[in-house]
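Residue numbers (our numbering), protein chains in the order written: chain A, 2 to 307; chain B, 2 to 307. The C-beta atom is built at its ideal place from N, Cα and C for all residues, glycine as well.
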């Protein structure tokens, strides 16, 4: 497993200082989609064709509430508090940002303990879902700890009510922690142990010629882009009414302000005029990824998967 | 792991009664593509546009020769003979056929011992590549025992010289022992530990609407079909000059003869007039799958992967 410039997560046994709420933790956490239309976001303007902007920040808050409820009922049954430890390998600024966000999110419910690098993580504690056993289970449609970014994209799609069954999806990017598991979740059988999206999925990547990418994205009902290339997806590449999920995290120089700013892989302002749904960067997939990491932490602490 | 109606393979320690040939086994087996143009098959008629029919039977013979050489040099170094044992679960006629073929192929080089059902196989002996560790490694682009059907498709493409880099590939079928691993091999990075095909891959399946499948296949430079549906791919769905790899194994009633005959998923007679390369059924992917199973057996015996 490649470990450079990536954050690993170790469970230690506690997450959340909470009081009893009953036994609803499992069902709350096991039922993506229950929040339903609550997360359909808001229209960004009065223009009829503008996309609904999905607020990952708001959706993440809801999920954190659900997790808090789950922690409370877990503790109330006499169990130890879930505890998240972080091992940061390498010196990638994006990793630091991600870790800071995770700490901030976890700090809202409990203390977080930072750790030194380790070479291996037990699969049942691998809340990032990068362990070979978790990847194997994911790819065989079995329950597993799913990489948080992939899980975030799945939750955004399902909670927003975006259809995937029999639809065309393009996943741009084939990384093992984002593009690949996202493609796996979306193309697989909705009736399997870990239900998939039953979509026809096209996996594109750095060697997909740009004009071919456009042909594929124009066919797509859902575009998920996790390529790390600002403005990779422009409005001429998007079918009217498509849903666009932007996983990109790019720091670019803003000539207007002279400062560095965070952007995704989508030309947001132009694409939102054509899409039906769109996630912003920041405030879209990012906060949802942190929320799904916490959800994995609770799943691991409760030994639901293993 | 689903075990019904499928053949499992256990290694016992021997395969091939052979004499010394030197230390060339690893390089021989590790170099798909070295046979190069030798496997470009033959033109089926004088028509200019007819596809080159790839003979899986002939390619498999060559691979078995390579394996035999590998076994010889392995034994000459004082190692035990690779040995393949079969556990057949369920009573699917297709499984029996597959097992009979495997036995026949292995019998050409050594004795084969049949076994009773078992619940688990050590990943290093899992020459079918169905173990979660092998699937996990495959999906992370690491060396692994690759499911023989996927490996067969890969070898056919590479040894025939069919290009995949930056090309559009449709994989019709998402099964865990064929479609999924084929899609994984073809879309992944050519520079990783286990090199992939760097193709843009579309995974289609039972819930892909037929008219959408046609849109995708008409874009495809390579079509791999592993759906189990006779004549799923018709000539109007194939781009002029595409390569068509038929993984289907279907037994259909032939009204002309009143007998049952074996066909693939492709309307072979019509599609061969449009494709550049095509594999027949029988005599295409089938014999190559058996050859790749034997290759896995040797890889496992030599402990090259684990």
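Measuring straight from C-alpha to C-alpha, what distance separates residue i and residue j?
i: residue 202 (chain B); j: residue 77 (chain B); result: 43 Å
i: residue 227 (chain B); j: residue 173 (chain B); result: 6 Å
i: residue 154 (chain A); j: residue 279 (chain A); result: 12 Å
i: residue 210 (chain A); j: residue 167 (chain B); result: 7 Å
i: residue 267 (chain B); j: residue 131 (chain B); result: 26 Å
i: residue 193 (chain A); j: residue 142 (chain A); result: 6 Å
i: residue 85 (chain B); j: residue 298 (chain B); result: 7 Å
i: residue 191 (chain A); j: residue 206 (chain A); result: 26 Å
i: residue 140 (chain A); j: residue 137 (chain B); result: 7 Å
i: residue 204 (chain A); j: residue 248 (chain A); result: 15 Å
i: residue 250 (chain A); j: residue 236 (chain B); result: 43 Å
i: residue 286 (chain B); j: residue 246 (chain B); result: 8 Å
i: residue 57 (chain B); j: residue 68 (chain B); result: 16 Å
i: residue 99 (chain B); j: residue 225 (chain B); result: 20 Å
i: residue 240 (chain A); j: residue 158 (chain A); result: 17 Å
i: residue 161 (chain B); j: residue 305 (chain A); result: 47 Å
i: residue 264 (chain A); j: residue 252 (chain A); result: 6 Å
i: residue 271 (chain B); j: residue 234 (chain B); result: 10 Å
i: residue 123 (chain A); j: residue 133 (chain A); result: 10 Å
i: residue 171 (chain A); j: residue 221 (chain A); result: 6 Å
By the three-class DSSP mapping on this structure, what secondary structure does residue i have?
i: residue 291 (chain B); result: helix
i: residue 157 (chain A); result: helix
i: residue 197 (chain A); result: coil
i: residue 230 (chain B); result: coil
i: residue 72 (chain A); result: helix
i: residue 220 (chain B); result: helix
i: residue 277 (chain A); result: coil
i: residue 134 (chain B); result: helix
i: residue 186 (chain B); result: helix
i: residue 123 (chain B); result: coil
i: residue 99 (chain A); result: helix
i: residue 64 (chain B); result: helix
i: residue 152 (chain B); result: helix
i: residue 58 (chain A); result: helix
i: residue 212 (chain A); result: helix
i: residue 301 (chain A); result: helix
i: residue 307 (chain A); result: coil
Spell out whether any CB of chain A is found under 8 Å from the CB atom of residue i.
i: residue 120 (chain B); result: In this prediction, residue 120 (chain B) has a pLDDT of 33, which is less than 50 and means its spatial position is unreliable; nothing more can be read from the coordinates.
i: residue 123 (chain B); result: no
i: residue 144 (chain B); result: no
i: residue 137 (chain B); result: yes
i: residue 163 (chain B); result: no
i: residue 181 (chain B); result: yes
Does residue i get closer than 8 Å to chain B when you measure Cβ to Cβ?
i: residue 269 (chain A); result: no
i: residue 167 (chain A); result: yes
i: residue 26 (chain A); result: Below a pLDDT of 50, predicted positions are generally treated as unreliable, and residue 26 (chain A), at 25, falls in that range; no measurement from the model is reported.
i: residue 218 (chain A); result: no
i: residue 205 (chain A); result: yes
i: residue 141 (chain A); result: yes
i: residue 133 (chain A); result: yes
i: residue 307 (chain A); result: no
Output, in chain order, the set of chain B residues within a Cβ distance shorter than 7 Å of residue i.
i: residue 208 (chain A); result: 166, 167 and 199
i: residue 213 (chain A); result: 169 and 201
Run through the DSSP bridge pairs and tell me what residue i is partnered with.
i: residue 262 (chain A); result: A:253
i: residue 166 (chain B); result: In the DSSP output, where bridge partners are listed per residue, residue 166 (chain B) has none listed.
i: residue 203 (chain A); result: A:171 and B:203
i: residue 247 (chain A); result: A:226
i: residue 267 (chain B); result: B:234
Just to make sure I have the definition right: I need the residues of chain A whose C-beta is within less than 9 Å of the C-beta of residue i. Which are they?
i: residue 1 (chain B); result: Since the displayed chain B opens at 2 and closes at 307, residue 1 (chain B) lies outside it and no answer follows.
What in chain B is Cβ-close to residue i, meaning under 9 Å?
i: residue 195 (chain A); result: Those do not exist, as residue 195 (chain A) stays about 13 Å from chain B at its closest Cβ, beyond 9 Å.
Whose Cβ in chain A lies nearer than 7 Å to the Cβ of residue i?
i: residue 238 (chain B); result: Correct list: empty, because the minimum Cβ distance to chain A is about 14 Å.
Show which residues of chain B have a CB atom less than 8 Å away from the CB atom of residue i.
i: residue 66 (chain A); result: Near residue 66 (chain A) there are no residues of chain B at all, since even the closest Cβ is about 33 Å away, more than 8 Å.
In chain A, what lies closer than 8 Å to residue i by C-beta?
i: residue 189 (chain B); result: 175
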